[in-house]
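In this note's numbering, the protein residues as written are 1080 to 1258. All residues carry an ideal CB built from backbone N, CA and C; glycine is no exception.
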């Protein structure tokens, strides 16, 4: 009897790992690839891999390190210089933590003794909308005869500008913006 060793065939398919994932914007995720021959046997020689992001949800470096950016969905592609490529299932990028707020409208003309609503929105470091913060901020105004409610409704006082008056929203004591 003769000893026989069975070896895998040539690279036939690439599988991107993880195949499906949810990643927070402003974070990273390491991707890798597994290779298989035509019979499904694992292949260790994948050749030189290049990486690509399909849909503008972030960037990926030559080592497969993905940096999430824009919220949305996309795919990660690995391509071997041996002529085989693979693509992930859906990669979902969700907004990161609130990094700055924006008060809308940024400026307005409000007649004396009338009201106007202001809104506050929170965004992550990549400018993805995190959520409406209107009811979660502390509102103030420089209009000493006017007022603003906890829901952002500004009522102008009886003293016309100049000087210009402002409304200000403060979130968690540190993030602020004025309108």
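- In this structure, residue 1104 and residue 1175 form a Cβ contact; the two beta carbons are roughly 4 Å apart against a cut-off of 8 Å.
- DSSP places residue 1247 inside the beta strand (DSSP E), whose first and last residues are 1246–1250.
- As the crow flies, the alpha-carbon of residue 1206 is around 19 Å from that of residue 1215.
- With a cut-off of 8 Å on Cβ pairs, the segment 1187–1203 is in contact with the segment 1222–1235, counting three or more such pairs.
- Linking residue 1082 to residue 1133 through their CA atoms gives a straight-line distance of about 47 Å.
- In this structure, residue 1157 lies near residue 1095, with their beta-carbon atoms less than 8 Å apart.
- By the neighbour-count criterion, in which 16 or more other beta carbons inside 10 Å mark a residue as buried, residue 1108 falls on the buried side.
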